[in-house]
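Q:
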Amino acid sequence: MKFGVVVFPGSNCDEDMIYTLRHVMGQKVVKLWHKDTDLQGVDFVVLPGGFSYGDYLRAGAIARFSPIMQEVIRHAKRGGYVMGICNGFQILTESGLLEGALLRNLNQRYICKNVYIKPATQNTILTAGLSQKKAYKIPIAHGEGRFYAPKDMLKSIRDNDQILFQYCDAQGKVSEEANPNGSLLNIAGICNKERNVFGMMPHPERAADELLKNTDGRAFFESILEHVAV
Amino acid sequence: MATQTEDKLLNIALQLGLLEEEYHRIVEILGRKPNFTELSCYAAMWSEHCSYKNSIVWLKKLPKDSPRMLAKAGEENAGLVDIGGGWAVSFKIESHNHPSAIEPYQGAATGVGGINRDVFSMGARPIAQLNSLRFGDISTPKTQRLLRGVVKGIGDYGNAFGIPTVGGEIFFDKCYQTNPLVNAFSAGVVRTDRVAKAIAKGKGNPVYIFGSATGRDGIHGASFASKEITKDSEKDLPAVQVGDPFMEKLLLEATLEAIATGHVIGVQDMGAAGVICSTAEMSARGESGMDIHLDKVPTRQEGMQPFEILISESQERMLMVVKKGKEKEIEKIFDKWDVAYAKIGEVTDSKELRFFMKGDVVAKMPAESLVLGGGAPVYYREYKEPAYFQEYKKFHISQVKEPRNLKKVARFLLQQPNIASKRWVYEQYDSMVGTANQSTNAPSDAAVVAVKETDKSIVITVDCNSRYVHADPEQGTAIAVAEAARNIVCSGGEPIAITNCLNFGNPYNPEVYWQFVHAILGMKKACERFETPVTGGNVSFYNQSEEGPVFPTPTIGMLGLLENRAWQMTLDFKKAGDLIYLIGSPKNCISSSEYLYAYHGVEASPAPFFHLDEEWEVQQVIKQLIRAGLLRSAHDVSDGGLFVTLAESAMPRGLGFRIRTDKRFRRDAYLFGESQSRVVVSVKPTHQKKFEKFMEGKGVEYRLIGEVIKEHFIVDKDKWMEVHEAQELYEGALPRYMEQG
Chain A
838 MKFGVVVFPG
848 SNCDEDMIYT
858 LRHVMGQKVV
868 KLWHKDTDLQ
878 GVDFVVLPGG
888 FSYGDYLRAG
898 AIARFSPIMQ
908 EVIRHAKRGG
918 YVMGICNGFQ
928 ILTESGLLEG
938 ALLRNLNQRY
948 ICKNVYIKPA
958 TQNTILTAGL
968 SQKKAYKIPI
978 AHGEGRFYAP
988 KDMLKSIRDN
998 DQILFQYCDA
1008 QGKVSEEANP
1018 NGSLLNIAGI
1028 CNKERNVFGM
1038 MPHPERAADE
1048 LLKNTDGRAF
1058 FESILEHVAV
Chain B
26 MATQTEDKLL
36 NIALQLGLLE
46 EEYHRIVEIL
56 GRKPNFTELS
66 CYAAMWSEHC
76 SYKNSIVWLK
86 KLPKDSPRML
96 AKAGEENAGL
106 VDIGGGWAVS
116 FKIESHNHPS
126 AIEPYQGAAT
136 GVGGINRDVF
146 SMGARPIAQL
156 NSLRFGDIST
166 PKTQRLLRGV
176 VKGIGDYGNA
186 FGIPTVGGEI
196 FFDKCYQTNP
206 LVNAFSAGVV
216 RTDRVAKAIA
226 KGKGNPVYIF
236 GSATGRDGIH
246 GASFASKEIT
256 KDSEKDLPAV
266 QVGDPFMEKL
276 LLEATLEAIA
286 TGHVIGVQDM
296 GAAGVICSTA
306 EMSARGESGM
316 DIHLDKVPTR
326 QEGMQPFEIL
336 ISESQERMLM
346 VVKKGKEKEI
356 EKIFDKWDVA
366 YAKIGEVTDS
376 KELRFFMKGD
386 VVAKMPAESL
396 VLGGGAPVYY
406 REYKEPAYFQ
416 EYKKFHISQV
426 KEPRNLKKVA
436 RFLLQQPNIA
446 SKRWVYEQYD
456 SMVGTANQST
466 NAPSDAAVVA
476 VKETDKSIVI
486 TVDCNSRYVH
496 ADPEQGTAIA
506 VAEAARNIVC
516 SGGEPIAITN
526 CLNFGNPYNP
536 EVYWQFVHAI
546 LGMKKACERF
556 ETPVTGGNVS
566 FYNQSEEGPV
576 FPTPTIGMLG
586 LLENRAWQMT
596 LDFKKAGDLI
606 YLIGSPKNCI
616 SSSEYLYAYH
626 GVEASPAPFF
636 HLDEEWEVQQ
646 VIKQLIRAGL
656 LRSAHDVSDG
666 GLFVTLAESA
676 MPRGLGFRIR
686 TDKRFRRDAY
696 LFGESQSRVV
706 VSVKPTHQKK
716 FEKFMEGKGV
726 EYRLIGEVIK
736 EHFIVDKDKW
746 MEVHEAQELY
756 EGALPRYMEQ
766 G
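Read top to bottom, the protein sequences are chains A and B. Note that the numbering used here has the first sequence beginning at 838, numbered continuously upward. Note that the numbering used here has the second sequence beginning at 26, numbered continuously upward.
Structure (structure tokens):
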């Protein structure tokens, strides 16, 4: 399996993602430069966290116009796998590969902390290998992570089993208190209808290395590797 | 006629902040009268902020040497320490106090930007940041506004730049009401063969400016930083710069990539005093000169005057000297990162800086005459012991009656802003980007950050209890160094070097200067004992307003090394049943404690008990205990005393403790006093014998004071509170102020 991690100017979780994929998961990884138009034959594209192009207009709003994104969009439309973490998730909603939008956190502040999330579906390569009962401790770090979608869209996301993760407490209970940013339905991540494009605000790559004493994030990458059919 | 012009020029010099004697010195150096552009250059370069003219004679007394030191204080943009294996750590702390007082968001943001540029202009990639903040009364809207702005400024800049903020300190006292302190620390790593120098040499080598365009922001910023805050300070708003973290991130990548080519002779960031500072300092270090064409500098506004281009402090700019013939390779890197650049001149062998505008010379000065260690003035200031110093020493514990209800004191202390959890602040900082912060899930007294390229980690902390320093500058500063070292040792590290940020009032006030001198003496003494040389830092004078000077605040940023990651130690109790020991000697001392100051309202008392040798012994024992694998946790006793230390160890895992006080001491002193050199450790019951045997004959007092239990805090058989109550008090205090209304 060959991963490609896109590097936008302002990406700052690109190296962390590469480190996790390469050194923790032992995978082949290439960097995909934002000005390039060649995906170098990768099977799985990752849009990392950060502040692409400074996020000056709106998080992810400029990155969608970059040359590499046109290729990523084609790759996704062909059924290729794409995963966006944090700013990557914002770019996916901005570029229309995922529905909904990520608004400013309800408390109007940037939040960085460990939170708990649990899978809401088993029916994707990202979640198939996860325990449906476990609350996974994964960090968040964002100012604009409040998932929002108009009523009808939200209903369709739900009806089509597109909710990947929900914020919950340490015991796995999905509650308002466990919702760090005000996301509708405690949504922490969704996929598209075709189930090949994934977006999530929490950072599993920040919870994969034993050195950091939290390896809950590893299961997400293991699930992908186990269930992908390339 | 001639005398009139002379008077006029002198007047301008005085308006720019120069002294009359300094004006005459400039005339002497140049052998003629300076023009306005040159005067502006000297005024900026000889300002306190750039020249250290009122502090350098004392700074020179600080220890600078150790076998690990690759760059000594003042030689480069930041200190450089060898950590072995072909890697070095570059680290520094700097103040951005005055800008933050006027415009907290941009003031703090640009402080973060500036300190990181100092680090990466050495060729080092920053891996961790800390900050040390001081504000006035948190119950006032003014302080809440400043705190909100400063925290958001640090967060927005650091988060986007992508370097984790892994720790810091915040202290509130009314002396900082008008003049808050914002000190930012950054540490980066660099291969020892990839270190960049801040030097210009080699005749004909091209000089590049790259990064943001130069604007009128930050004109006279260095001079602004060199005077007191007054009612009129808001008029200095244009002296505050505006930050762009996205540009900083691009600059970082472009700079490191350029340095890696081996074609860079020297590079320096544009900080205080902008182009004039970087051209002068780099030239002086290389005993070179430069010809610079100011009209080639990209500017934001049209019609900028030469003096404006020279002293503008627009952020996110760098100056680089490149090997002649390698221009294309370097320009390709700037293009790759979409960083604007311009070749603005070249290095000469004349030792003279010549600035041109459309071909005409507009300023001509010997490079060395402008800089610290060269022509910049050096002053010996007079100092005088302030009257309060002896007054404070008269305090005795017997003057304060022990309260009957100590439980109430405990509850009071847990929610003091100086003691309570700073979660409201630190959750606004990305503390985990880089996946190297080993403290996120393993809390310790200092932050532990992996140097991923090696099998080692750095252990970093910023410390200064300025109330102690005010009470006794020499003791208080020695305590700040000792506490930083203790925090590192309790985290498993070995202290190796410090950087300092010396925040004081007006140096022309002999009593303020006395505080400064004695702080230096205390720092010297402690740094020599801990073998932690001073690698550099920054002096910030004039931190005072109409209400008087702030507490003398010599913030210590200390770098430690975790040679073996298995030695990493945490502060949280692990399991009910573990034994709790107090290592170090308790004292009947409540001096300068949060308890005495906030609960009893007694401001006049000396620094808490501290003895350097005793401290050193305690730290050696802790280090050995950790390496012998005998400790489950270690947490030093500091603000709030033993009780707060125990509570902080118990709360992370929702545990409790049962302890006995010691009849030799007043209970309030034992529980809430802040005498130094004490550490609370927890030990597995199965290790009790081994632990006690180990401690025998070490010459360090230790005592089994109790055990870890479930949920209750029990003192002398009295149930004081449950852990969840403590958590509510401790976690709730800051949000109560910051989220009211």
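Each residue gets a CB set at the ideal place from its N, CA and C atoms; glycine is no exception.
Could you tell me whether the segment 162 to 171 of chain B touches the segment 230 to 240 of chain B, using the rule of 3 or more Cβ pairs below 8 angstroms?
A: no
Q: List, in order along the chain, the chain B residues whose C-beta lies closer than 9 angstroms to that of F888(A)?
A: On the first sequence, residue 888(A) is found 51 positions in, with the first residue counted as 1. In chain order: N184, A185, F186, G187, P270, F271 and K274.
Q: Pull up the distance between the alpha-carbon of Q154(B) and that of S700(B), whole angstroms please.
A: Counting from 1 along the second sequence, the entry for residue 154(B) is found at position 129. Counting from 1 along the second sequence, the entry for residue 700(B) is found at position 675. C-alpha separation (whole angstroms): 29 angstroms.
Q: So what does DSSP say about D693(B), is it helix, strand or coil?
A: By 1-based counting over the second sequence, the position of residue 693(B) is 668. The answer is helix: DSSP assigns D693(B) an H, G or I state.
Q: Considering Cα atoms alone, identify which of K709(B), L584(B) and D741(B) is closest to F116(B).
A: Here residue 116(B) corresponds to residue number 91 of the second sequence, with the count starting at 1. When the alpha-carbon of F116(B) is set against those of K709(B), L584(B) and D741(B), the nearest one is in L584(B).
Q: Can you pull the chain A residues whose beta carbon is under 7 angstroms from the beta carbon of S658(B), in chain order?
A: On the second sequence, residue 658(B) is found 633 positions in, with the first residue counted as 1. Residues of chain A with a Cβ closer than 7 angstroms to the Cβ of S658(B) do not exist, since the nearest Cβ in that chain sits about 15 angstroms away.
Q: Mapping DSSP to helix, strand and coil, what is E750(B)?
A: If you number the second sequence from 1, residue 750(B) lands on position 725. In this structure, E750(B) counts as helix in the three-state DSSP scheme.
Q: By the 10 Å Cβ neighbour count, where 16 or more other Cβ atoms means buried, how is A412(B) classified, buried or exposed?
A: On the second sequence, residue 412(B) is found 387 positions in, with the first residue counted as 1. That one is exposed.
Q: Nearest to G148(B) by alpha carbon, out of Q169(B), F61(B), Y408(B) and G213(B)?
A: Numbered from its first residue, the second sequence carries residue 148(B) at position 123. Ranking the options by Cα distance to G148(B), first place goes to G213(B).
Q: Alpha carbon to alpha carbon, what distance is there between G966(A) and E1059(A)?
A: The count along the first sequence starts at 1 and reaches residue 1059(A) at position 222. The count along the first sequence starts at 1 and reaches residue 966(A) at position 129. Spanning the two alpha carbons is a distance of roughly 7 angstroms.
Q: Are the C-beta atoms of G847(A) and some chain B residue less than 8 angstroms apart?
A: The count along the first sequence starts at 1 and reaches residue 847(A) at position 10. Judged by the 8 angstroms Cβ criterion, G847(A) is in contact with chain B.
Q: If contact means a Cβ-Cβ distance below 8 angstroms, which residues of the segment 415 to 443 of chain B contact chain A?
A: none
Q: Taking only the alpha-carbon atoms, compute the straight-line gap between E508(B) and P532(B) and give it to the nearest angstrom.
A: What you label residue 508(B) is simply residue 483 of the second sequence in a count that begins at 1. What you label residue 532(B) is simply residue 507 of the second sequence in a count that begins at 1. Between E508(B) and P532(B), the C-alpha separation is close to 27 angstroms.
Q: Could you pull the start and end residues of the alpha helix (DSSP H) that A298(B) belongs to?
A: For the purposes of this step, residue 298(B) is taken as residue 273 along the second sequence, with counting starting at 1. Run containing A298(B): none; DSSP gives neither H nor E here.
Q: V514(B) and T502(B) - do their beta-carbons sit closer together than 8 angstroms?
A: Reading the second sequence from its first residue, position 477 is the one you call residue 502(B). Reading the second sequence from its first residue, position 489 is the one you call residue 514(B). No.
Q: Grab me the residues of H288(B)'s own chain with a C-beta within less than 8 angstroms of its C-beta, minus the 5 sequence neighbours each way, in chain order.
A: One-based indexing of the second sequence puts residue 288(B) at position 263. Around H288(B): V347, K348, K351, E354 and I355.
Q: Should L1048(A) be flagged as near chain B, meaning a C-beta pair shorter than 8 angstroms?
A: As a first step, residue 1048(A) must be located in the first sequence, where it is residue number 211. True, the Cβ-Cβ gap to chain B drops below 8 angstroms.
Q: Where do the ends of the alpha helix (DSSP H) carrying W641(B) lie?
A: The residue you call residue 641(B) lines up with position 616 of the second sequence. Note, W641(B): alpha helix (DSSP H), L637 to R652.
Q: Below 8 angstroms between beta carbons: does that hold for G609(B) and R492(B)?
A: Numbered from its first residue, the second sequence carries residue 609(B) at position 584. Numbered from its first residue, the second sequence carries residue 492(B) at position 467. Not closer than 8 angstroms, so no.
Q: Taking contact to mean at least 3 C-beta pairs separated by less than 8 angstroms, is the segment 881 to 895 of chain A in contact with the segment 219 to 226 of chain B?
A: no
Q: Run down chain B in chain order and give the residues with a C-beta less than 8 angstroms from the C-beta of D853(A).
A: Translated into the one-based positions of the first sequence, residue 853(A) becomes position 16. The answer, in chain order, is V458, G459 and T460.
Q: With distances taken from CA atoms, which of S125(B), N156(B), P402(B) and S80(B) is nearest Q266(B)?
A: The count along the second sequence starts at 1 and reaches residue 266(B) at position 241. Here the closest residue by C-alpha is S125(B).
Q: DSSP state of G891(A), grouped into three classes?
A: Position 54 of the first sequence, counted from the start, is the residue given in the question as residue 891(A). The DSSP-derived three-state label of G891(A) is helix.
Q: How many Å lie between I775(B) and Y762(B) at the Cα?
A: The structure shown does not extend to residue 775(B), since chain B is modelled only from 26 through 766, so no value can be given for it.
Q: Evaluate V662(B) with the Cβ neighbour count: other Cβ atoms within 10 Å of its Cβ, from every protein chain shown; 16 or more gives buried, anything less gives exposed.
A: Against the second sequence, residue 662(B) aligns to sequence position 637. Per the 10 Å Cβ criterion, buried.
Q: Could you give the distance in angstroms between the alpha-carbon of M26(B) and the alpha-carbon of T304(B)?
A: By 1-based counting over the second sequence, the position of residue 26(B) is 1. By 1-based counting over the second sequence, the position of residue 304(B) is 279. Only weak support exists for where M26(B) lies, its pLDDT of 41 falling under 50; the value from the coordinates is given anyway. Taking C-alpha positions only, M26(B) is separated from T304(B) by approximately 35 angstroms.
Q: Exposed or buried, which one is Y67(B) when buried takes at least 16 other CB atoms within 10 Å?
A: If you number the second sequence from 1, residue 67(B) lands on position 42. Burial call: buried.
Q: Measure the beta-carbon distance from E338(B) to G370(B) and round it to whole angstroms, keeping in mind my assumption that it falls under 8 angstroms.
A: Along the second sequence, one-based indexing puts residue 338(B) at 313. Along the second sequence, one-based indexing puts residue 370(B) at 345. Their Cβ separation, rounded to whole angstroms, is 20 angstroms, which puts E338(B) and G370(B) out of contact at 8 angstroms.
Q: Between the alpha carbons of G192(B) and V484(B), how many angstroms are there, rounded?
A: Here residue 192(B) refers to the residue found at position 167 of the second sequence. Here residue 484(B) refers to the residue found at position 459 of the second sequence. C-alpha separation (whole angstroms): 11 angstroms.
Q: I954(A) bridges to which residues according to DSSP?
A: Counted from its first residue, the first sequence places residue 954(A) at position 117. For I954(A), which the question treats as bridged, DSSP gives the partners Y973(A) and Y1004(A).
Q: What residues of chain B sit near E1042(A), judged by a beta carbon separation below 9 angstroms?
A: Residue mapping note: residue 1042(A) aligns to position 205 of the first sequence, counting from 1. Here the neighbours are T460.
Q: Could you name the residues that DSSP lists as bridge partners for I730(B)?
A: Against the second sequence, residue 730(B) aligns to sequence position 705. The partner list for I730(B) (beta bridge, DSSP) is empty, contrary to what the question assumes.
Q: Does A27(B) come within less than 8 angstroms of chain A when only Cβ atoms are used?
A: If you number the second sequence from 1, residue 27(B) lands on position 2. Below a pLDDT of 50, predicted positions are generally treated as unreliable, and A27(B), at 47, falls in that range; no measurement from the model is reported.
Q: Would you call the segment 274 to 282 of chain B in contact with the segment 304 to 318 of chain B, where contact means no fewer than 3 C-beta pairs closer than 8 angstroms?
A: no
Q: For Y953(A), return the contacting residues in chain B, with the cut-off set at a CB-CB distance below 7 angstroms.
A: Stepping through the first sequence from its first residue, residue 953(A) is reached at position 116. The contacting residues do not exist; Y953(A) stays about 14 angstroms from chain B at best.
Q: Could you tell me which residues DSSP puts in a beta bridge with T578(B)?
A: Counting from one through the second sequence, the residue named residue 578(B) turns up at place 553. Note: T578(B) sits in a beta bridge opposite N528(B).
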